[in-house]
Amino acid sequence: MAGLDFIDSLNPAQRRAVTAGLGQVLVLAGPGSGKTRVLTQRIAYLVQGLGVRPQNILAVTFTNKAAREMEARLVRLLQEDFKGIWLGTFHANCARILRRESQYTDFDNNFAIMDADDQLAVIRRAIKDLNLDEKSYRAVSVHTAISNAKNNLITAADFPTVSYRDAVIKRIYQRYQELLRASNAVDFDDLLLETVRILVDNPQVREKYARRFEHVLVDEFQDTNLVQYELLKLLGSHHGNIFVVGDEDQSIYRWRGADYRNVLRFEEDFKDSQKILLEQNYRSTQTVLDAARAVIDRNAFRTPKHLFSDRGKGERIVLYEAADDHAEAAYVVDTIRQYLESGRAGGGDFAVMYRTNAQSRLLEEAFLRAGLPYRLVGAQRFYGRREVKDMIAFLRLVHNPDDEISLLRVINVPPRGVGERTLVALQLAARQLNLTPGRLLLELGRQGDKSPYWGQFSGRSALVLADFGGMLTDWRSLHSTELSLPSLFDRIVHDTGYREFLDDGSEEGKQRWENVEELRKLAYDYAERGLAVFLENLALVSDQDTIPNDEASAPTLLTLHAAKGLEFSHVFIVGLDEGLLPHSRSKDDVEEMAEERRLFYVGLTRAKNRVTLVRCQQRSAFGAYETQEPSQFLEDLPDSLVLRQGLSSAGWSLSRQARPKTWFTGTGGRTGGSAPVIEQRYHPSDRVRHAVWGEGIVMDSRIQDDDETVDVFFESVGFKRLAASMAKLEIVAKK
DNA sequence: AAGGCCCTTCTTTTT
DNA sequence: GAAGGGCCTT
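Counting from 829, one number per residue, gives the positions in the first sequence under our numbering.
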């Protein structure tokens, strides 16, 4: 076979994976074991070795960056031969299917995608609409509940109402969906859920895609949630060639519905699947691997792996204790500076990782003070800015005038005299006329005082509304005829006077205007592909996507989450304090503590050569300084691998022991606090029988309000949330 | 209707 | 120690 030379450079396990036969394949790949390489070469093998046409391959990655990276590698292996492949994130691929098949949904194919901020705004409105108290129903917690439901395939109609609160949340959920649909919009979770729904409800659509995708490949499989898993099964249902790559130990998105037990589920669902372990690590020194293993071995329920490396022992891990968080940042920057000055390393060799975004501020300041460049990873930082969101809202409105969330955001930006009263009048009139506010605005803009709707408003209101509607009408018609995306952008800035509004002479104003110019530059890149693609990509950017691809010579600052999939010669992990890593919000939950541990593991295994761990005795929490205890994870590092530096380098264990051990111990079960009144009887993966619904599998279970709440997936009716005391579930088989 | 001041709340992680 | 919401004045 020609052109398959690349296979020769693989190790035996990698080669077995790349050339595996048809059917289902599960590749469990430790960090640095050549996961991406296996995935791309598998695709190359399918195309060149087996003659599969690229358009019959679906490859799903976790971030757009990973997709681009894979594309770049495919170019090297196949030149043009891979064109036509469906390659992208779950969300991007679903958006693509939804736009094509929008006749099967209750929205149009130019639907908007709501980001997290938008979603909260819609939820706040839903709560207001229902006359509920915003204090007792916090938008964030309602959003979590709705999102969790969606990730578990639960629609508003099916939302289980065990408690009164659930019943209220169900109503908010329903109202929230109404508001989204009225705006011709979907949220992140809908992209997946709606796609599943279309495929389930319409056999002909399912067949179309299932026949098309002869091969389905998934990266970062441990971070898929139930909807994504379902999607995978549906899309692979015709040919059954499903190839997934993952590592349970790197599952760090549980809070977003990800469930590493999908790995177990996969083996359960596909009894004939092949399992291949990749254990040779090509990235790290043995010291790094030994430390990482000491940390992760304390987690239960995992496939034991024996990572090995031929890169030699390498240097010991440095553990540095600083006096406070300023000294912590200064130590990191100073250490990097010394390396750079000695010429032993380039800036791009370093990464500084932390648990929370808030920790980046002091680091940034330290870099600035030292006059050293750095790059900060974090899309939210840019796209979350007011001025950027404003400009995007204008563009979204041009594309989809029904988008009421964007309309409300900018109808009075810059201030043009549309206040509370005018707004209410607009919404009221729109409802009476059975139009969306945006459509009514366009009508007023087009016809001015000739419009039959003019009389609905007081003179002043009509004037300002028609004025805004007029601009919107112009933008829409210009854009549909002659104006390119960048020109449209400029036109909006010009017509609204947005620059003058922002750039008020202050330093902050100048900064804000620069952000708008940054966005404009981005729009320029999309001149060819157009507004729709631009908006979609904006909605689906991830933090990782903002890492410049050029191996720039500056140290990278990023969260541990954003670090997944990356590697650096020298990794700093800061904030190894109890309550920060592991985070205090996780301390009551065994599963969450296990995930904190995996997060630390992910950070450690990013390092090729050196790891420096940093903590401090005092840290400003919110305004005031608080004394910190060392992270419990530090205890798990073998002394032989560690070099202690900084303050009280001999006294660490003392300060550790002084702390009363009321927190989680690592062996499971509860410690400290009040003992639970009842014992947990059901556990994930148990098989149970219900009098009415028959047999099912326990997905999750927890003690809540003196009862046990059990989530069960029944073969007959699907997902149900039950109160154990009421449901009388019989245990058929213990896991 | 806009702008300014005070209050609370917040901090996990993000497609 | 920031940012957003509520309430006040102009």
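Think of the CB as a built atom: it goes at the ideal place given N, C-alpha and C, for glycine as much as any other residue.
query                                                                                                                                                                      : result
Looking only at C-alpha atoms, which of 1093, 945, 962, 1018 sits nearest to residue 918?                                                                                  : 1018
Tell me the residue span of the beta strand (DSSP E) that contains residue 1447.                                                                                           : 1435-1448
Work out the CA separation of residue 1173 and residue 1200 for me, nearest whole Å.                                                                                       : 14 Å
Pop quiz: residue 1515 and residue 1552 are said to be a contact at Cβ under 8 Å. What is the actual Cβ separation, rounded to whole angstroms?                            : Residue 1515 to residue 1552, Cβ: 15 Å. No contact.
According to DSSP, is residue 1289 helix, strand or coil?                                                                                                                  : helix
So residue 987 packs on residue 1001, CB below 8 Å; how close in whole Å?                                                                                                  : 6 Å
Bridge partners for residue 915 per DSSP, in chain order?                                                                                                                  : 887
Assign residue 932 to one of three DSSP states: helix, strand, or coil.                                                                                                    : helix
Hey, quick one: how far does the beta strand (DSSP E) through residue 1144 stretch, first residue to last?                                                                 : From DSSP, residue 1144 is part of no beta strand (DSSP E); its letter is neither H nor E.
Please state the DSSP three-state secondary structure of residue 939.                                                                                                      : coil
Do residue 1231 and residue 1011 have their C-beta atoms closer together than 7 Å?                                                                                         : yes
Whole angstroms is fine: what's the gap from residue 1069's alpha carbon to residue 1256's?                                                                                : 53 Å
Return the CA-CA distance between residue 1539 and residue 1421, expressed in angstroms with no decimal places.                                                            : 21 Å
For residue 839, count the other beta carbons within 10 Å of its own beta carbon; 16 or more makes it buried, fewer makes it exposed. Which is it?                         : exposed
Could you work out which residue in 1171, 1219, 1161 is closest to residue 1192 when comparing CA atoms only?                                                              : 1161
On a Cα-Cα basis, can you pick out the residue from 1550, 1529, 1517 that is closest to residue 1560?                                                                      : 1517
For residue 860, which of 1448, 1264, 1106 has the nearest alpha-carbon?                                                                                                   : 1106
Below 6 Å, is the gap between the Cβ of residue 1219 and the nearest heavy atom of the ligand GDP?                                                                         : This structure lacks the ligand GDP, and indeed carries no ligand of any kind.
Express the C-alpha separation of residue 939 and residue 1032 in angstroms, rounding to a whole number.                                                                   : 23 Å
Rounded C-beta distance between residue 1204 and residue 1188? I'm assuming under 8 Å.                                                                                     : 6 Å
Taking the CB atoms as reference points, tell me whether residue 1270 and residue 1242 lie closer together than 7 Å.                                                       : no
With 16 as the cutoff for other CB atoms within 10 Å, does residue 1462 come out buried or exposed?                                                                        : buried
Distance, Cα to Cα, residue 957 vs residue 1178?                                                                                                                           : 50 Å
Note the first and the last residue of the continuous beta strand (DSSP E) segment covering residue 857.                                                                   : 852-857
Considering only DSSP beta bridges, list what residue 1150 is partnered with.                                                                                              : 1444
Under the three-state reduction of DSSP, which class applies to residue 923: helix, strand or coil?                                                                        : helix
Taking DSSP as the reference, what is the three-state secondary structure of residue 873?                                                                                  : helix
Hey, how far is the Cα of residue 946 from the Cα of residue 972?                                                                                                          : 14 Å
Which ranges would you report for the alpha helix (DSSP H) in the region 1209-1285 if only whole runs of at least 4 residues count?                                        : 1214-1227, 1232-1238, 1248-1261, 1265-1275
Short of 8 Å in beta carbon distance, which residues of its chain neighbour residue 1479, apart from the five on each side in sequence? Order them along the chain.        : For residue 1479, the pLDDT reaches just 46, beneath the cut-off of 50, and the residue's location in the model is therefore unreliable, leaving the point undetermined.
For residue 1402, which of 1386, 1413, 1529, 1344 has the nearest alpha-carbon?                                                                                            : 1386
Mind checking whether residue 1347 and residue 1216 have CB atoms under 7 Å apart?                                                                                         : yes
Which residues in the same chain as residue 999 place their Cβ atom closer than 7 Å to its Cβ, once the five residues preceding and following it in sequence are excluded? : 958
Which stretch, first to last residue, makes up the beta strand (DSSP E) that contains residue 1074?                                                                        : 1070-1074
Please report how far the alpha carbon of residue 1063 lies from the alpha carbon of residue 1043, in whole angstroms.                                                     : 9 Å
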